[in-house]
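Enquirer: Respectively, the protein sequence lines represent chains A and B. With this note's numbering, the residue at position 57 of the first sequence is 1555, and numbering never jumps. With this note's numbering, the residue at position 57 of the second sequence is 1476, and numbering never jumps. Even glycine gets a Cβ: it sits at the ideal position worked out from N, Cα and C. Nothing here was measured: the structure is a model prediction, and the numbers come from that model.
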Amino acid sequence: MKKIILLIMALIVAPVFPNSIFVFNNVDFDLYYLIGARPTDGTYYPYLSSRGPYTQPGSSTPYFVLLEGFENTTYAHASGFPFDSPVTLPASAQISHWTRTLTPGSPAINTTNSLAQMMFGSTHRYSEFKFFMLDENDNHVLSGNIDPIDLDFPSEMSGFGITITYFPLDGDVFILFDYTP
Amino acid sequence: MKTNYVKPLSFLFVLLIFFSCQKEEGETNQQNLTPNSDITVSARPTPSEDMITFLSSLSEAVIIGQNGNKKEYEETLIKASKDFLDMNGIMYNKATSNSEIFSKALELYSQKTNNLKN
């Protein structure tokens, strides 16, 4: 009986962290981004980012993920989302490679890295989204950082004819890049 | 004759406070956004009626959410998504989660924008 009460209490008290992250690039520019993850405990803020044959701005690491115009992608919680493994050292966050579920017909790469998935755990959660956009001639269009103060509530920023909205819903995170109406 | 400087000085002081309190348009929303003013953003494709309705409902939901009403925010988001999917004949069953419904609606919206662009 005591165990059941404890279990119910844990379910009620346990914080809800994002399960999946959906990114929609609904404008005609290339979107490059990094998703920041921070531990549920402590102050270290490592970045989780896909590495691989993506375009790399400058020579610094980690690499930014490229999402072309009108593409969308999902960092899904299916079998081994990085946030789910039990223990990890913060520094290891720099060598992640998330499960990337892409829309059918997308020319981008669908890769997984089970090692990275094992390294990341419930100790981490979504915290911010750093991005920049380039036009077809690789000119910088705009850059920024979606860093919601309260992850449970939506936020929006707009400028230069583009609106970027952060929608939290049922523990998931949706980020939409769209033309400003 | 003694000149009274108190009134004009107080007026100037009030004006100074007034202008210092004025925020530039969009200032709060653009703290983290750095656009390149040399580049021109291409014109937005003219959205269809259902897309406009969907978008306005999303904006409405964001405002509701920002005012701290989480339940109403989620309800508005899901209602907008369901209406948009219904208008376009996209099926979903009752067991589909809110998150899946919203994701479907955004995918459809994205697809429709892309079609308009082409």
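Just to confirm my understanding: we take Ile1673 (chain A), look at its own chain, exclude 5 residues before and 5 after, and list those with CB closer than 8 Å. What are they?
Expert: Here residue 1673 (chain A) refers to the residue found at position 175 of the first sequence. Cβ neighbours of Ile1673 (chain A) beyond the five flanking positions: Ile1519, Phe1520, Val1521, Phe1522, Phe1627, Ile1644, Ile1662, Thr1663, Tyr1664, Phe1665.
Enquirer: Please confirm if Thr1472 (chain B) has its CB atom under 7 Å from at least one CB of chain A.
Expert: Working through the second sequence from its first residue, we reach residue 1472 (chain B) at position 53. No, Thr1472 (chain B) lies away from the interface with chain A (no Cβ there is under 7 Å from its Cβ).
Enquirer: Can you tell me which residues form a DSSP beta bridge with Asp1676 (chain A)?
Expert: Here the question's residue 1676 (chain A) lines up with position 178 in the first sequence. Beta-bridge pairing links Asp1676 (chain A) to A:Thr1661.
Enquirer: Nearest to Thr1495 (chain B) by CA position, among B:Met1470, B:Asn1534, B:Val1481, is which residue?
Expert: Locating residue 1495 (chain B) in the second sequence gives position 76, counting from the first residue. Of B:Met1470, B:Asn1534, B:Val1481, the residue nearest in Cα terms is B:Val1481.
Enquirer: Would you give the residue range spanned by the alpha helix (DSSP H) that Phe1503 (chain B) belongs to?
Expert: Your numbering for residue 1503 (chain B) matches position 84 in the second sequence. 1489 to 1506 is the span of the alpha helix (DSSP H), which, as asked, contains Phe1503 (chain B).
Enquirer: Spatial neighbours of Ile1483 (chain B) within its chain, please: CB distance less than 7 Å, with the 5 preceding and 5 following residues excluded, ordered by chain position.
Expert: One-based indexing of the second sequence puts residue 1483 (chain B) at position 64. Counting only Cβ-Cβ distances below 7 Å, and skipping sequence neighbours, we find Glu1491, Tyr1492, Thr1495.
Enquirer: Residue range of the alpha helix (DSSP H) that Leu1649 (chain A) falls in?
Expert: Taking the first sequence and counting its residues from 1, one reaches residue 1649 (chain A) at position 151. Unbroken run through Leu1649 (chain A): none, as it is neither H nor E.
Enquirer: Going by C-alpha distance, which of B:Lys1536, B:Asn1534, B:Phe1521, B:Asn1537 is nearest Leu1474 (chain B)?
Expert: Reading the second sequence from its first residue, position 55 is the one you call residue 1474 (chain B). Comparing Cα positions, the closest option is B:Phe1521.
Enquirer: Is Ala1499 (chain B) buried or exposed, if buried means 16 or more other CB atoms sit within 10 Å of its CB?
Expert: Working through the second sequence from its first residue, we reach residue 1499 (chain B) at position 80. Looking at its Cβ environment, which holds 16 or more other Cβ atoms inside 10 Å, Ala1499 (chain B) is buried.
Enquirer: Spell out whether any CB of chain A is found under 7 Å from the CB atom of Phe1503 (chain B).
Expert: Locating residue 1503 (chain B) in the second sequence gives position 84, counting from the first residue. No, its Cβ sits nowhere closer than 7 Å to a Cβ of chain A.
Enquirer: With 16 other CB atoms within 10 Å as the buried threshold, where does Ser1653 (chain A) fall?
Expert: Counting from 1 along the first sequence, the entry for residue 1653 (chain A) is found at position 155. With 16 or more other Cβ atoms within 10 Å, it is buried.
Enquirer: Using DSSP with H/G/I as helix, E/B as strand and the rest coil, what is Ile1471 (chain B)?
Expert: As a working mapping, residue 1471 (chain B) is identified with position 52 in the second sequence. In this structure, Ile1471 (chain B) counts as helix in the three-state DSSP scheme.
Enquirer: Can you name the start and end residues of the alpha helix (DSSP H) that Ile1519 (chain A) belongs to?
Expert: By one-based count along the first sequence, residue 1519 (chain A) stands at place 21. No alpha helix (DSSP H) contains Ile1519 (chain A), which is instead part of the beta strand (DSSP E) from 1519 to 1523.
Enquirer: Tell whether a beta-carbon distance below 7 Å holds between Phe1527 (chain A) and Gly1567 (chain A).
Expert: As a first step, residue 1527 (chain A) is located in the first sequence; it is residue number 29 there, counting from the start. As a first step, residue 1567 (chain A) is located in the first sequence; it is residue number 69 there, counting from the start. A contact, by the Cβ cut-off of 7 Å.
Enquirer: When you check each C-beta in the stretch 1634 to 1661 of chain A against every C-beta of chain B, which residues fall closer than 8 Å?
Expert: Within the stretch 1634 to 1661 of chain A, the residues whose Cβ lies closer than 8 Å to some Cβ of chain B are Asn1637, His1638, Val1639, Leu1640, Ser1641, Gly1642, Asn1643, Ile1644, Asp1645, Asp1650, Phe1651, Pro1652, Ser1653, Glu1654, Met1655, Ser1656, Gly1657, Phe1658, Gly1659, Ile1660, listed in chain order.
Enquirer: I need the straight-line Cα distance from Ser1466 (chain B) to Ile1660 (chain A), nearest angstrom please.
Expert: Taking the first residue of the second sequence as 1, we reach residue 1466 (chain B) at position 47. Taking the first residue of the first sequence as 1, we reach residue 1660 (chain A) at position 162. First, the amino acid is wrong: residue 1466 (chain B) is Pro here, not Ser. Each residue's alpha carbon lies about 15 Å from the other.
Enquirer: Taking 7 Å as the threshold (beta carbon to beta carbon), is Tyr1677 (chain A) in contact with chain B?
Expert: In the first sequence, counting from the first residue as 1, residue 1677 (chain A) sits at position 179. Taking Cβ atoms only, chain B reaches closer than 7 Å to Tyr1677 (chain A), which makes this a yes.
Enquirer: Quick one, which residues of the stretch 1513 to 1536 of chain B are near chain A if we go by CB-CB under 9 Å, in chain order?
Expert: Residues Ser1516, Asn1517, Ser1518, Phe1521, Ser1522, Leu1525, Glu1526, Tyr1528, Ser1529, Gln1530, Thr1532, Asn1533, Lys1536.
Enquirer: Would Thr1453 (chain B) pass as an interface residue toward chain A - the criterion being a Cβ-Cβ separation below 7 Å?
Expert: Here residue 1453 (chain B) corresponds to residue number 34 of the second sequence, with the count starting at 1. Yes, Thr1453 (chain B) lies at the interface with chain A (some Cβ there is under 7 Å from its Cβ).
Enquirer: Using a cut-off of 8 Å between C-beta atoms, extract the partners of Thr1663 (chain A) located in chain B.
Expert: For the purposes of this step, residue 1663 (chain A) is taken as the residue at position 165 of the first sequence. The answer, in chain order, is Leu1477, Val1481.
Enquirer: Could you give the first and the last residue of the continuous alpha helix (DSSP H) run that contains Ser1518 (chain B)?
Expert: Within the second sequence, numbered from 1, the residue matching residue 1518 (chain B) stands at position 99. Looking at the DSSP string, the run of the alpha helix (DSSP H) that includes Ser1518 (chain B) is 1517 to 1536.
Enquirer: Please report the distance separating the alpha-carbon of Tyr1528 (chain B) from that of Asn1537 (chain B).
Expert: By 1-based counting over the second sequence, the position of residue 1528 (chain B) is 109. By 1-based counting over the second sequence, the position of residue 1537 (chain B) is 118. For Tyr1528 (chain B) and Asn1537 (chain B), the distance between alpha carbons rounds to 14 Å.
Enquirer: Assuming the contact rule is C-beta atoms closer than 8 Å, Asp1469 (chain B) and Met1510 (chain B) should be a hit. Round their C-beta distance to whole Å, please.
Expert: Against the second sequence, residue 1469 (chain B) aligns to sequence position 50. Against the second sequence, residue 1510 (chain B) aligns to sequence position 91. 16 Å between Cβ atoms; not a contact.
Enquirer: Does Gly1567 (chain A) come out as helix, strand or coil in the three-state DSSP assignment?
Expert: Sequence index remark: in the first sequence, residue 1567 (chain A) carries index 69 (1-based). If DSSP states are grouped into helix, strand and coil, Gly1567 (chain A) belongs with coil.
Enquirer: Please classify Gly1642 (chain A): does DSSP put it in a helix, a strand, or coil?
Expert: In the first sequence, counting from the first residue as 1, residue 1642 (chain A) sits at position 144. In this structure, Gly1642 (chain A) counts as strand in the three-state DSSP scheme.
Enquirer: Under a CB-based cut-off of 7 Å, is Gly1508 (chain B) close to chain A?
Expert: Taking the first residue of the second sequence as 1, we reach residue 1508 (chain B) at position 89. By this cut-off, Gly1508 (chain B) is not an interface position.
Enquirer: In whole angstroms, what separates the C-alpha of Lys1489 (chain B) from that of Asp1668 (chain A)?
Expert: Counting from one through the second sequence, the residue named residue 1489 (chain B) turns up at place 70. Counting from one through the first sequence, the residue named residue 1668 (chain A) turns up at place 170. Approximately 11 Å, taken between the alpha carbons.
Enquirer: When the cut-off is 7 Å and only beta carbons count, does Leu1564 (chain A) lie next to chain B?
Expert: Your numbering for residue 1564 (chain A) matches position 66 in the first sequence. Answer no: the Cβ-Cβ gap between Leu1564 (chain A) and chain B never drops below 7 Å.
Enquirer: Pick out whichever of B:Ser1478, B:Lys1523, B:Lys1513 has its Cα sitting closest to the Cα of Leu1504 (chain B).
Expert: Start at 1 with the first residue of the second sequence, and residue 1504 (chain B) comes out as number 85. Checked all of B:Ser1478, B:Lys1523, B:Lys1513; the closest Cα to Leu1504 (chain B) is B:Lys1523.
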